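Below is one structure, written out as structure tokens, with a few remarks after it.
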Amino acid sequence: MLDFTYSLKKGLIMNVKAFAHQTHARIAAASGLTLKRTHIYELTAAAYGDKSYAALKARGLLCPMPSDALKVRYAQLDPSAAEQRAQMLGYSPDEASPVAALICAELQSEKLGVVPIDDVLHHLLFGQLEIEAKSTPTDTDSWEWDEEARHEDSNYDYPLGLNLHSQWIVEGLQAAANGNDGRAHVALALLLDSESDEEDDEDDWEHESDNQSGLYWYELGFPQFPGRFA
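Residue numbers for the sequence shown, in my numbering: 1 to 230.
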């Protein structure tokens, strides 16, 4: 297992399990219902449009969004889907509606979204340790737009990007890697390599070479790694 203990210092305090525990307690206090803890996960997945929590984990990583721009991209919720899922889990219509609303309210309060593993890996392969709010690694148009806005407004602030070293991201990748997701194995290796690069102060040529090597294997479908790749 890769050692990512440094991420506990750089990342956020809460993780997915802590969120589920907190939400479970708050819903019980607000509604008087005693939900199974597993139902919190299933209703969360439904709110993001996934058929199950297993499907959500296979698709992406649950984590806080540091800016409104990223919330628009990754944090769209569907309360009606969560309500339907609650009824499928055995809750009456009178129970399902408030439970779904409370789940969505908690997700919004914590600013959580689901970032596809493919997006995380894509950025890491291009040497980016942050998903920018307004651009992708090859999106020059949005970068130019940001530059124009910054020059026109002296008070302009770039929206915060998503740090790929955050505890949420690392723990999500570790869980996916434990499930034999090859993308997660490669993403974790690139994160660990980037940390080594920072500590050793390696030059830009070496860093770019490592990422391009990862990109080469990515395009070939990672023949040296087991697991599923999208």
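No residue lacks a Cβ here, since even glycine has one placed at the ideal position from N, Cα and C. The model shown is predicted, which means the values in this text are computed figures rather than measured ones.
For residue 23, the nearest candidate out of 63, 99, 83 and 77 (CA to CA) = Looking at the Cα atoms, 99 is the closest of the given residues.
Quick one: Cα of residue 186 to Cα of residue 31, how far?
-> 43 angstroms
Would the beta-carbon of residue 179 fall within 7 angstroms of that of residue 130?
-> The answer is no: Cβ separation not under 7 angstroms.
Examine the Cβ distances between the stretch 86 to 100 and the stretch 59 to 75 and report whether three or more of them are shorter than 8 angstroms.
-> no
For residue 45, count neighbouring C-beta atoms within 10 Å of its own C-beta (all shown protein chains included) and say buried if the count is 16 or more, exposed if not.
-> buried
According to the neighbour-count rule (16 or more other Cβ atoms, all chains shown, within 10 Å of its Cβ), is residue 65 buried or exposed?
-> buried
Give me whichever residues DSSP pairs with residue 116 in a beta bridge.
-> Its beta-bridge partners are 60.
With burial defined as no fewer than 16 other Cβ atoms inside 10 Å of the residue's Cβ, what is the status of residue 196: buried or exposed?
-> exposed
In the DSSP assignment, find the unbroken alpha helix (DSSP H) run with residue 178 in it and report its ends.
-> 167 to 178
Go to residue 89, then tell me how far its alpha helix (DSSP H) extends in each direction, as first and last residue.
-> Element bounds for residue 89: n/a, residue is neither H nor E.
Check whether the stretch 44 to 61 touches the stretch 109 to 122, counting contact only when three or more Cβ pairs, one atom from each stretch, lie closer than 8 angstroms.
-> yes
Tell me, to the nearest whole angstrom, how far the beta carbon of residue 37 is from that of residue 106; I am working on the premise that it is less than 8 angstroms.
-> Going by Cβ atoms, the distance from residue 37 to residue 106 rounds to 14 angstroms, so no, they are not a contact pair.
Closest Cα partner of residue 102 within the set 132, 40 and 15 = 40
What number of angstroms, rounded off, separates the C-alpha of residue 48 from the C-alpha of residue 42?
-> 10 angstroms
Got a sec? Which residues, its chain only, sit under 7 angstroms from residue 194 by beta carbon, not counting five neighbours each side?
-> In the same chain as residue 194, and ignoring 5 residues on each side of it, the C-beta atoms closer than 7 angstroms to its own belong to 129, in chain order.
Please report how far the alpha carbon of residue 35 lies from the alpha carbon of residue 183, in whole angstroms.
-> Rounded to whole angstroms, the gap between the alpha carbons of residue 35 and residue 183 is 33 angstroms.
Would you call residue 90 buried or exposed, if buried means 16 or more other Cβ atoms sit within 10 Å of its Cβ?
-> exposed
Mind reading off the beta-carbon distance from residue 192 to residue 174? Whole number of angstroms is fine, and I expect it under 8 angstroms.
-> So it is not a contact: roughly 11 angstroms between Cβ atoms.
Option nearest residue 33 by Cα separation, candidates 86, 68 and 17 = 86
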